[in-house]
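Taking numbering that gives the first Met the number 0, the leading residue of the sequence shown gets 0, the next gets one more, and so forth. Report on one structure; see the data block that follows.
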Amino acid sequence: MERNNYTKVELKLDFDISDFEIVKKILTNREFVFKMFRIKPYGCIVAQTPHGWHIYIKANSDMMLNDKDICVIQILLGDDFKRGVYNWLRVREGKFKVWNVLFTHKERIDIEKSRELLEHLQRLIIASDKS
Numbered sequence: 000m001e002r003n004n005y006t007k008v009e010l011k012l013d014f015d016i017s018d019f020e021i022v023k024k025i026l027t028n029r030e031f032v033f034k035m036f037r038i039k040p041y042g043c044i045v046a047q048t049p050h051g052w053h054i055y056i057k058a059n060s061d062m063m064l065n066d067k068d069i070c071v072i073q074i075l076l077g078d079d080f081k082r083g084v085y086n087w088l089r090v091r092e093g094k095f096k097v098w099n100v101l102f103t104h105k106e107r108i109d110i111e112k113s114r115e116l117l118e119h120l121q122r123l124i125i126a127s128d129k130s
């Protein structure tokens, strides 16, 4: 039986920025993070919140990534810095089964922006693989 040599990850990002194009530009500028951790998105959900956007990225990586890695990757991708600090302390403590929490009670999922961002990230990563 063939073994999968990749890690499935879900990145959860909180941006307190109302303009989605700015959020997209931030993620575009973080192409290096996707490339270095060999993160290949296959799913994306974008949800508007009262303060900005929640972004959920489902991805594979052929690197072995643990919770500490995921936490750092989220911070590097521009996750809200206070959330990043709380998450880091939770992961470091090792006592929390669920450490990567976004409060979803006021989210409104935007299907079009979800599709748009996934396609954008996939094109970005394919282009960086060629360089």
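Glycine included, every Cβ here is placed at the ideal spot set by N, Cα and C. All values derive from a computational prediction rather than experimental measurement.
(request) My understanding is that Val45 touches Ser113, with C-beta atoms under 8 angstroms, so please give their C-beta distance in whole angstroms. (result) 5 angstroms
(request) Measure the C-alpha to C-alpha separation of Ser17 and Glu9 and round it to an integer number of angstroms. (result) 23 angstroms
(request) Count the C-beta pairs between the segment 43-63 and the segment 104-111 that are closer than 8 angstroms, then say yes if the count reaches three, no if not. (result) yes
(message) As a quick exercise: from Asp68, Leu75, Val84, pick the residue whose alpha carbon is nearest that of Lys7.
(response) Asp68
(message) For the ligand GDP, is there any heavy atom lying closer than 6 angstroms to the beta carbon of Val22?
(response) Ligands displayed in this structure: none; no statement on the ligand GDP is therefore possible.
(message) I'd like the span of the alpha helix (DSSP H) that includes Trp87, first residue to last.
(response) 80-92
(request) Go ahead and pull the three-state DSSP assignment for Ser60. (result) strand
(message) Considering only the alpha carbon of each residue, which of Val32, His119, His104 lies closest to His205?
(response) Since the first and last residues shown for the chain are 0 and 130, residue 205 lies out of range.
(request) Assign Val84 to one of two classes, buried (16 or more other C-beta atoms within 10 Å of its C-beta) or exposed (fewer than that). (result) exposed
(message) For a quick check, are the C-beta atoms of Phe36 and Ser60 less than 7 angstroms apart?
(response) yes
(request) Spatial neighbours of Ile124 within its chain, please: CB distance less than 8 angstroms, with the 5 preceding and 5 following residues excluded, ordered by chain position. (result) Glu30, Phe33, Lys34, Ile38, Lys39, Pro40
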